[in-house]
Amino acid sequence: MPIYEYAAVEQGCAYCEAHFDLRQKLDEAELTACPQCGAPVRRVLSAPNVAIGNAHVLKESNVESKGFTQYRRAGKGVYEKTAGKGPKYISGD
94 MPIYEYAAVE QGCAYCEAHF DLRQKLDEAE LTACPQCGAP VRRVLSAPNV AIGNAHVLKE
154 SNVESKGFTQ YRRAGKGVYE KTAGKGPKYI SGD
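Heads up: the sequence shown runs through residues 94 to 186, numbered per the working numbering.
Rendered as structure tokens:
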């Protein structure tokens, strides 16, 4: 679920005047009033949170040390184990 940022349109309480974040479903309606004081609020455009530099997390040595098994596609319907415990190959046959 995305996190949306809201701010008071007019004078509100300390909560909404300082901007607040709210986790909402994509199909939920946008808030029109502060949940604490009822003052009118609007959704504010904010920067997205982008994760950069986490490629090391998926390295075979790291995956195996955390107890996971990793497979890579070796062909149509065939996967070869690259890290962890389990069968050397998985096939859809």
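Glycine is no exception: its CB is placed at the ideal position from the N, C-alpha and C atoms.
If you draw a straight line from the Cα of leucine 138 to the Cα of arginine 166, it comes to about 40 Å. Non-local beta-carbon contacts of arginine 116 in its own chain, meaning distances under 7 Å to residues more than five positions away in sequence, involve Met94, Ile96 in chain order.
Only buried fits glycine 105, as 16 or more other CB atoms lie within 10 angstroms of its CB. In this model, alanine 132 and alanine 126 are separated by some 5 Å (Cα to Cα). Nearest neighbour of glutamate 121 by Cα position, chosen from Glu110, Arg136, Gly170, turns out to be Arg136. By a beta-carbon distance limit of 8 Å, tyrosine 164 does not contact glutamate 153. Their separation comes to about 11 Å. The continuous beta strand (DSSP E) containing serine 184 extends over residues 182 to 184. With a contact defined as Cβ atoms closer than 8 Å, valine 156 and glycine 177 qualify at about 6 Å.
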